[in-house]
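Q: Next up is a structure, given as structure tokens.
6 protein chains.
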Amino acid sequence: MRANRLREMWAAGRKANNCFLGIPSSISAETIAHQGWDSVTIDMQHAAVDDAMAYQMLVAVSTTDTVPTVRVPWNDPGVIMRVLDYGAYGVMCPTIDTAEDCARFVGAVRYAPAGYRSVGPFRASLYAGRDYLAKSNETVLAIAQIETKPGLENVEAIAQVPGLDMLYIGPSDLGLALGRGAMPDQTDPIVVDAIDRILAAAHKAGVRAGIYCASVDYSLAMMKKGFDLVTVANDRQLLAQGAALLAKMK
Amino acid sequence: MRANRLREMWAAGRKANNCFLGIPSSISAETIAHQGWDSVTIDMQHAAVDDAMAYQMLVAVSTTDTVPTVRVPWNDPGVIMRVLDYGAYGVMCPTIDTAEDCARFVGAVRYAPAGYRSVGPFRASLYAGRDYLAKSNETVLAIAQIETKPGLENVEAIAQVPGLDMLYIGPSDLGLALGRGAMPDQTDPIVVDAIDRILAAAHKAGVRAGIYCASVDYSLAMMKKGFDLVTVANDRQLLAQGAALLAKMK
Amino acid sequence: MRANRLREMWAAGRKANNCFLGIPSSISAETIAHQGWDSVTIDMQHAAVDDAMAYQMLVAVSTTDTVPTVRVPWNDPGVIMRVLDYGAYGVMCPTIDTAEDCARFVGAVRYAPAGYRSVGPFRASLYAGRDYLAKSNETVLAIAQIETKPGLENVEAIAQVPGLDMLYIGPSDLGLALGRGAMPDQTDPIVVDAIDRILAAAHKAGVRAGIYCASVDYSLAMMKKGFDLVTVANDRQLLAQGAALLAKMK
Amino acid sequence: MRANRLREMWAAGRKANNCFLGIPSSISAETIAHQGWDSVTIDMQHAAVDDAMAYQMLVAVSTTDTVPTVRVPWNDPGVIMRVLDYGAYGVMCPTIDTAEDCARFVGAVRYAPAGYRSVGPFRASLYAGRDYLAKSNETVLAIAQIETKPGLENVEAIAQVPGLDMLYIGPSDLGLALGRGAMPDQTDPIVVDAIDRILAAAHKAGVRAGIYCASVDYSLAMMKKGFDLVTVANDRQLLAQGAALLAKMK
Amino acid sequence: MRANRLREMWAAGRKANNCFLGIPSSISAETIAHQGWDSVTIDMQHAAVDDAMAYQMLVAVSTTDTVPTVRVPWNDPGVIMRVLDYGAYGVMCPTIDTAEDCARFVGAVRYAPAGYRSVGPFRASLYAGRDYLAKSNETVLAIAQIETKPGLENVEAIAQVPGLDMLYIGPSDLGLALGRGAMPDQTDPIVVDAIDRILAAAHKAGVRAGIYCASVDYSLAMMKKGFDLVTVANDRQLLAQGAALLAKMK
Amino acid sequence: MRANRLREMWAAGRKANNCFLGIPSSISAETIAHQGWDSVTIDMQHAAVDDAMAYQMLVAVSTTDTVPTVRVPWNDPGVIMRVLDYGAYGVMCPTIDTAEDCARFVGAVRYAPAGYRSVGPFRASLYAGRDYLAKSNETVLAIAQIETKPGLENVEAIAQVPGLDMLYIGPSDLGLALGRGAMPDQTDPIVVDAIDRILAAAHKAGVRAGIYCASVDYSLAMMKKGFDLVTVANDRQLLAQGAALLAKMK
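Chains as they are written, first to last, in our numbering: chain A, 2 to 251; chain B, 2 to 251; chain C, 2 to 251; chain D, 2 to 251; chain E, 2 to 251; chain F, 2 to 251.
As structure tokens, then:
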């Protein structure tokens with residue numbers, strides 16, 4: 002089975018970067034995957050990326066070595082299993098509030114006896130190889146987003162759910178949940194404390210930690226702080242910022 | 002009828018900027034149109050933008066004041082008339098080699114007796130208003146691309162085709178046609194001479210001149226040189242450049 | 002933030018009309034929105050309108066002042082949050098049976114601390130303005146459908162769920178649930194009693210009331226009876242009736 | 002091979018009605034086809050109906066006995082042959098100006114030796130039957146639109162092109178071409194004369210005549226005048242008119 | 002209402018065959034439906050068939066007498082009700098573990114008072130007839146998949162849920178769940194015992210039994226064993242096997 | 002630039018096999034490309050494969066070593082240039098009747114000075130490499146179909162058009178054109194003579210020869226006869242034949 006490069010990088014002690022893909026098109030996905038990112042996350046939650054488009058984008062990313070992951074809109078086994086069948090090598094689930102939420106999510110990512118994922122990896126086995134069924138449980142990543150008050154309160158229990166691979170921080174939601182600003186690149190002490198707590202909980206439980214960032218400096222700081230995967234950019238904002246800058250030119 | 006802001010700007014002695022849209026998605030088009038560009042050109046020639054996608058992108062741009070234009074894949078009346086019916090306020094046609102080519106193109110943009118465009122502006126009249134049929138001939142723009150050897154040789158005749166509004170330079174094709182490099186932002190004297198000849202032919206015939214650029218400096222220089230519309234960026238390259246830069250960060 | 006015209010009309014003591022959109026196309030949506038309706042409801046429940054099509058239709062309606070709302074297929078936070086991110090100014094949820102159902106639904110429509118909607122209004126902030134995050138909780142509408150036996154029995158409790166904006170009656174389901182006919186424009190006393198009870202519950206709780214109708218006379222009667230929003234037509238039936246009439250002509 | 006009901010009706014001395022389909026959706030096409038129309042024309046010229054959508058609409062109409070025809074955007078053999086392969090039982094081509102235009106069009110509709118249509122009726126043979134190849138030349142309809150000045154001047158020659166089945170009048174374009182209004186249901190004597198000339202030319206050459214109308218009265222008058230096929234309505238206008246009427250109700 | 006041919010066949014003591022459709026295209030669905038299958042199952046679980054594609058495929062199958070059924074991705078009332086509105090004559094739900102799961106599923110398939118399906122069969126009534134609402138509860142099929150350990154343990158209770166029509170075995174998941182191989186055409190005694198138990202539970206409860214197979218011999222054996230519906234093939238594997246065989250030819 | 006494996010195979014004295022792809026889906030294309038075919042031809046002429054779908058299928062095939070080629074619907078520079086920009090490594094053009102037709106076709110495949118292809122290989126350069134512009138003229142294949150009477154009469158002149166790479170025989174059209182049956186695997190002496198003449202013309206002019214077949218035996222015979230590329234199968238017929246066989250099983 003094709004190895005998961007993120008797991009290889011982490012095993013080698015390296016940090017990984019990540020780009021969110023929210024523009025619903027195959028060509029933007031393939032273009033970005035060709036720039037050398039370690040991983041991309043196709044965003045089905047806060048973007049106009051539906052099921053059919055996520056499929057196309059997964060195929061496009063498959064023409065490169067970049068690891069394709071998907072963020073699903075909600076903790077729904079139907080969609081989680083579908084994107085895995087499509088060949089996603091990781092699934093990120095938003096709004097994990099409890100260990101039960103997390104177990105339900107992780108179970109959808111793993112075949113029995115580790116979970117309850119249904120068998121039928123029709124495209125995943127083209128992308129990954131014919132031994133997909135045997136090795137997928139140890140290859141694909143289950144990534145839980147911590148971004149609510151209950152999620153924060155239960156973070157240690159969530160981190161210990163068997164089969165989970167990463168806690169990932171959504172700083173806008175987390176900030177809002179804590180009565181602070183809904184923004185990335187948080188510096189408010191209350192939010193920073195929460196971030197530190199999540200990072201600690203992840204590493205204590207032996208799982209990875211990731212965080213969404215919106216600037217290079219903050220991204221580098223997060224890597225230094227210990228995050229294993231750092232989202233440095235998202236395609237729509239890259240485009241908006243570049244276009245806004247140039248629109249002034251004349 | 003909704004006025005064509007490009008015509009208004011030019012009448013007021015102003016230059017217009019332009020962004021090419023080659024990412025086939027509604028959200029990238031709407032996002033860019035919100036950044037304040039004078040005009041956008043939805044590219045059906047060198048992009049995966051098909052008929053149905055061009056339609057969606059035109060609707061998305063319609064939520065702003067940015068002038069929506071379309072570059073068609075070829076000098077084909079069927080597609081030219083369709084994008085006009087969809088509400089394009091300008092059509093750019095590639096590879097105009099002769100005055101006959103140009104007349105065929107312009108005729109497809111104009112209703113009788115000025116041309117042979119067929120009547121049925123089903124969405125254009127929603128976007129522009131109920132008097133579309135009466136005023137469209139003087140509102141929408143017919144833009145001919147000059148980018149081949151015969152196009153250059155016939156440029157003065159092309160410029161004088163009645164009903165044409167602009168000559169637009171594709172510098173990559175023009176450079177290649179002249180045995181020079183296929184690239185934007187040309188500085189090779191032979192290509193620069195050709196650019197100057199096209200600009201002069203346009204203005205002598207009383208039509209506008211436009212050019213595709215790939216950097217801010219070159220864009221500003223072209224405005225200074227006299228071009229009325231300057232393409233400063235295209236969405237795919239904005240995205241690729243931004244993503245390439247950040248992929249290195251870690 | 003762009004105001005919600007429905008809220009403005011109601012504040013001014015006016016009734017609003019509404020058209021259901023079940024034809025999955027951008028042009029039918031844009032055409033209808035141009036006819037002067039106060040609001041439209043893009044129907045993802047009983048129509049072939051999927052996620053990608055709802056998005057296109059929302060963009061199309063955005064070119065007018067008509068208020069765009071969406072009926073989701075089910076009480077599922079993933080889809081509710083998505084259509085809000087797409088720019089819907091109201092979400093209607095079918096089959097609300099209990100106050101718990103209603104709280105789950107309303108929570109998905111509101112950001113913390115009022116609810117648990119996740120942050121990422123990528124298109125909504127283009128449509129509504131940059132202050133969307135701050136003002137969306139008081140702008141977008143949460144509309145619960147009452148159309149089952151338990152829904153009717155719990156209607157007073159449902160109406161009092163904080164953050165709810167309207168009770169909306171689906172008369173076909175309600176009629177069937179009460180052992181009467183599954184049809185709009187109900188006159189059966191048992192169903193009329195239920196309608197009156199729902200209307201009273203809404204107004205007593207200080208929220209709006211809406212109802213689906215299928216004729217002009219019944220619509221006007223419902224407005225007179227006190228309904229704040231009345232669905233007068235749906236696009237598919239308009240089309241079918243017009244086409245059926247004319248098919249006989251010869 | 003499934004018979005062409007239009008040919009059967011005409012052979013029996015009956016007139017046929019017709020509805021234009023310009024809303025790009027399968028459900029509107031299937032709904033209208035169920036109302037009892039003799040034929041529908043899927044409009045790829047003045048509507049947002051692209052190739053993939055025309056295909057879906059043809060399948061939807063195939064669930065009924067209504068005869069499915071398609072108007073192509075232009076006299077382009079590629080698209081003409083494709084919609085025939087998709088199962089269209091008639092093709093209407095706009096803007097036929099000369100007998101040469103007409104021969105090029107008709108040739109694309111007929112297999113050798115009558116024409117140059119390429120063999121590959123992959124869906125047509127599902128819809129029509131396994132003997133499609135043998136009988137299609139005598140079954141499917143080739144319909145030329147007369148709507149320009151040269152078209153009118155050459156109408157007698159056009160009508161006599163072997164293999165042509167019908168002349169069809171586009172009154173808006175015809176009116177504009179003659180310096181009159183661009184509208185259906187023409188009563189201007191100059192346009193009426195032209196209509197009469199086209200009708201006479203068709204019948205003298207032994208082919209059918211058709212016309213686009215926008216009201217019941219005019220449609221009935223045209224049938225009485227001798228037209229064999231009369232377009233009574235188009236879906237978008239049915240919808241717009243119905244929606245405009247009801248939007249006023251409150 | 003159009004009868005359900007599967008019910009008719011069973012009433013006549015006949016077995017039915019079935020083909021799974023996982024290639025997301027209208028033409029493959031229509032092609033296969035024309036080959037004489039008793040029924041097809043459009044697979045939204047382990048295939049790239051989304052909501053819009055399932056709709057198109059249902060329309061395509063409607064041009065034949067083959068009974069169209071759909072397997073939904075998960076026990077989600079929203080999608081179950083949608084495919085029924087689209088005209089599916091049967092719904093298969095994966096991973097039914099308990100009688101409660103089954104009741105939730107069956108309830109979504111039946112109108113009140115038998116269930117809680119919402120009224121709005123916009124296309125189903127075109128396909129089936131105007132009396133759809135009255136007769137659909139006794140016509141469309143509710144099919145529960147048994148393929149997990151709890152599903153097996155609870156199979157007798159599941160089979161007795163009122164309104165259920167069939168238990169259907171997913172042998173890959175069932176095998177994996179029982180610690181055996183994840184494969185069709187099971188011969189392992191433990192899995193065969195489970196299959197026998199499910200078959201017995203179905204027939205004892207008076208419902209039908211179905212099973213997914215991957216070879217002709219196994220299919221015939223299952224019919225002989227008593228299964229009422231046997232899936233003999235799926236389109237993607239038919240294609241892959243044929244293509245693999247021929248790729249070697251040279 | 003990524004080499005064209007077909008050219009490499011021919012240079013090594015080997016024959017290549019080929020599969021036609023007419024099912025409009027990414028997954029069928031990717032599945033077939035994984036079976037080890039030397040090349041595939043995405044068919045935009047006699048299949049419901051439009052521009053957007055051809056794009057997706059090209060991306061899907063790009064995940065393998067199979068050489069992706071496209072048959073366009075007609076000799077139209079717009080679509081020829083588009084599929085090349087999408088990354089096709091060969092273009093097949095139907096119905097080449099004269100050397101002029103052929104020159105127009107080949108010119109659209111080659112950049113100046115060899116032809117008039119416009120510059121903008123936005124995806125081709127992702128697939129092929131950054132030196133695409135410099136090397137594409139000698140890499141991508143221009144394939145002319147000979148399948149009409151004039152095509153046969155002019156075959157020697159057509160074969161000598163500079164830049165052409167292959168003559169490809171469409172036996173159904175060729176048979177029909179010669180007054181014989183419209184079928185593959187021709188054995189009629191008149192058609193066989195024509196096939197031999199085309200093969201000889203190709204090889205005499207130093208270009209390759211290809212032919213469409215429908216059985217293994219005929220394919221092998223054609224390879225033995227000297228054809229360089231032999232189409233052994235098409236996806237739709239593979240599927241139909243497999244499905245027809247199994248539908249009988251019970």
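Ideal placement from N, C-alpha and C gives every residue a C-beta, glycine not left out.
Taking the beta strand (DSSP E) that D:G180 belongs to, which residues open and close that run?
A: D:G180 -> no beta strand (DSSP E), and no H or E assigned at all.
Q: Can you look up B:V92 in the DSSP assignment and give me helix, strand or coil?
A: B:V92 falls in the strand class under three-state DSSP.
Q: Can you pull the chain B residues whose beta carbon is under 7 Å from the beta carbon of F:R83, in chain order?
A: The answer, in chain order, is P74.
Q: According to DSSP, B:R118 sits in a beta bridge with which residue or residues?
A: The partner list for B:R118 (beta bridge, DSSP) reads B:Y112.
Q: What separation, rounded to the nearest whole angstrom, lies between the Cα atoms of F:N19 and F:S216?
A: Between F:N19 and F:S216, the C-alpha separation is close to 12 Å.
Q: Throw me the rounded Cβ distance for the D:D189 and D:R181 pair, which I believe falls under 8 Å.
A: Correct: roughly 5 Å between the Cβ atoms.
Q: Counting Cβ pairs closer than 8 Å, one from the segment 68-84 of chain D and one from the segment 57-75 of chain F, do we hit at least three?
A: Yes, the segment 68-84 of chain D touches the segment 57-75 of chain F.
Q: Could one say the Cβ of F:R237 lies closer than 8 Å to chain D's Cβ atoms, at least one of them?
A: Yes, contact with chain D.
Q: In terms of residues, what are the limits of the beta strand (DSSP E) holding A:R209?
A: Counting along the chain, the beta strand (DSSP E) containing A:R209 begins and ends at R209 to Y213.
Q: Comparing the C-beta of F:Y112 with each C-beta of chain B, is any distance below 8 Å?
A: Closer than 8 Å: yes.
Q: For D:H35, return the contacting residues in chain E, with the cut-off set at a CB-CB distance below 7 Å.
A: Here the neighbours are L127.
Q: How would you list, in chain order, the residues of chain B whose beta-carbon sits under 8 Å from the beta-carbon of A:K16?
A: Chain B residues near A:K16: K251.
Q: For D:G116 and D:Q146, I'd like the C-alpha separation in whole angstroms.
A: Those two C-alpha atoms are separated by around 19 Å.
Q: How is D:I33 classed by DSSP in three states: helix, strand or coil?
A: DSSP places D:I33 in helix when its eight states are reduced to three.
Q: Since F:Q146 meets chain A, which of its residues come closer than 9 Å, beta carbon to beta carbon?
A: Those within 9 Å of F:Q146 in chain A number zero; the least Cβ separation is about 29 Å.
Q: In chain order, which beta strand (DSSP E) runs of at least 3 residues are fully inside the segment 137-194 of chain F?
A: Complete beta strand (DSSP E) runs here, min 3: 142-147 and 167-170.
Q: By the 9 Å beta-carbon criterion, what residues does the segment 210-228 of chain D contribute toward chain C?
A: Listed by position, the residues of the segment 210-228 of chain D near chain C (Cβ gap below 9 Å) are V217, S220, L221 and M224.
Q: Any residues in the segment 164-193 of chain D with a beta carbon nearer than 7 Å to a beta carbon of chain B? Which ones, in chain order?
A: Hits within the stretch, in order: S173, D174, L177, A178 and A183.
Q: I'd like to confirm the pairing. Which residues does DSSP put opposite F:V68 in its beta bridges?
A: F:S40.
Q: What does the alpha-carbon distance come out to for the pair E:V110 and A:L200?
A: So the two alpha carbons sit approximately 46 Å from each other.
Q: What residues of chain C sit near B:R124, judged by a beta carbon separation below 8 Å?
A: Neighbours of B:R124 on chain C, chain order: I28 and E31.
Q: Taking contact to mean at least 3 C-beta pairs separated by less than 8 Å, is the segment 120-129 of chain F in contact with the segment 160-170 of chain F?
A: Counting Cβ pairs under 8 Å, fewer than three are found: no touch.
Q: Give me, in chain order, the residues of the same chain whose beta-carbon lies closer than 6 Å to that of F:Q57; leave out the 5 immediate sequence neighbours on both sides.
A: Same-chain partners within the cutoff: S27.
Q: Should F:V62 and F:A30 be called a contact, given that it needs their Cβ atoms to be closer than 8 Å?
A: Contact: yes.
Q: Can you tell me whether F:A13 is buried or exposed? The criterion is at least 16 other CB atoms within 10 Å of its CB, across all chains shown.
A: The residue in question, F:A13, is exposed, as its Cβ has fewer than 16 Cβ neighbours within 10 Å.
Q: Look at the alpha carbon of E:V231 and the alpha carbon of E:H47, and state the distance between them as a whole number of angstroms.
A: Each residue's Cα considered, the two are about 18 Å apart.
Q: Give a yes or no on whether the minimum CB-CB distance between A:Q46 and chain F is below 8 Å.
A: Not one chain F Cβ lies under 8 Å of A:Q46.
Q: Just to confirm the assignment, what range does the beta strand (DSSP E) spanning F:A17 have?
A: Element bounds for F:A17: A17 to L22.
Q: Less than 7 Å between C-beta atoms, sequence neighbours within five positions excluded: which residues of the same chain meet that for C:N155?
A: Within the same chain, C:N155 has close Cβ partners D98, T99 and A100.
Q: Going by the DSSP bridge assignment, what does E:A1 pair with across the sheet?
A: Because chain E is modelled from 2 through 251, residue 1 of chain E falls outside the range shown and cannot be assessed.
Q: Going by CA-CA distance only, name the one from E:D86, E:F228 and E:A210 that's closest to E:N138.
A: When each option's Cα is compared against that of E:N138, the closest is E:D86.
Q: Taking A:R6 as the reference, give the member of A:V60, A:D44, A:T70 and A:F21 with the closest Cα.
A: Residue A:T70 is the option with its Cα nearest to A:R6.
Q: The alpha helix (DSSP H) spanning D:R6 covers which residue range?
A: R6 to A12 is the extent of the alpha helix (DSSP H) around D:R6.
Q: At a CB-CB cut-off below 8 Å, which residues of chain F make contact with A:Q57?
A: Going along chain F in sequence order, the residues near A:Q57 (Cβ under 8 Å) are S27, Q57 and V60.
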